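Asks: Got a structure for you, questions after.
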Amino acid sequence: MKKKIIMIFSILFLLLFCYLFYLNYLGKSSNNITTYAKQLNIDEKTDKLLAVKYLNSIKDPYLNKLEDKPTIYSNDGEELYLIVPIKKNLKLSIYQTILGEVDIEKENFLGTETKPFIVKGNISDIIPNMLIEFQYKNKIYNYSPSLSLKDGSLNLEEFILDLDKIDNN
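In our numbering, each residue carries its 1-based index in the sequence shown increased by 459.
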């Protein structure tokens with residue numbers, strides 16, 4: 460009888476170990492998204508990498524939803540965009556661009572920073588003057604926040620989540 464109990468506990472322990480391994484090493488746990496993404500009610504199962512919101516001003520009430528005040532990276536221009544890394548381990552850089560060309564000397568390297576930040580720029584409605592470059596799982600992505608000339612909505616890429624499209628109560 461004692462051997463059966465030990466055998467049952469051994470099997471249960473093995474199953475628990477396998478489950479924890481699966482969660483932690485195969486990326487199925489909520490630890491795959493940043494604390495700030497959780498704060499803004501972003502679904503942990505999303506395939507999006509960055510969340511973006513156009514801000515009306517530096518005192519936009521939406522910023523009150525964040526526990527920490529975001530850092531501002533400023534270029535020429537007046538448009539403000541809140542950028543929230545969703546996935547952990549993104550390697551981020553922000554560049555100033557001139558007529559679509561990246562100015563390597565004007566780089567802000569953020570590394571694997573997970574805190575939300577604000578980018579300010581876009582002196583032209585036609586050509587953005589900032590580029591966010593990031594790497595995730597050995598793939599490099601580029602995004603230039605801007606507004607659509609057609610309807611004023613946020614220009615999106617397939618890896619960008621529009622924060623205005625989720626419920627943040």
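Glycine residues also receive a C-beta, built at the ideal position from the N, C-alpha and C atoms. Since the structure is predicted, the reported quantities are computational estimates derived from the model, not experimental observations.
Based on Cα-Cα distance, which residue from D584, Y532, I625 lies nearest to N614?
Replies: D584
Asks: Compare the C-alpha of Y513 against each of E538, E560, N597 and name the closest.
Replies: E538
Asks: Please say whether V543 and P587 have beta carbons closer to each other than 7 angstroms?
Replies: no
Asks: Please check the pair T505 and K547, which I expect to be a contact at CB under 8 angstroms, by giving their CB distance rounded to whole angstroms.
Replies: Between K547 and T505 the Cβ distance is about 13 angstroms, and since that is not below 8 angstroms, they are no contact.
Asks: Would you tell me roughly how many angstroms separate the C-alpha atoms of G486 and C477, rounded to the nearest one?
Replies: Any reading at G486 must be qualified, since the residue scores a pLDDT of 44, below 50, and its modelled position is unreliable; the value itself is stated next. If you draw a straight line from the Cα of G486 to the Cα of C477, it is about 14 angstroms long.
Asks: Leaving aside the five residues before and after L622 along the sequence, list all residues of the same chain whose C-beta is less than 6 angstroms from its C-beta, in chain order.
Replies: A510, K512
Asks: Can you tell which of N515, M466, L474 has its C-alpha closest to the C-alpha of S612?
Replies: N515
Asks: Can you give me the C-alpha to C-alpha distance between F593 and I557, rounded to a whole angstrom?
Replies: 19 angstroms
Asks: In or out: S533 buried (at least 16 other Cβ within 10 Å) or exposed?
Replies: It is exposed - the Cβ of S533 has fewer than 16 other Cβ atoms within 10 Å.
Asks: If you reduce the DSSP assignment to three classes, tell me which class T494 lands in.
Replies: helix
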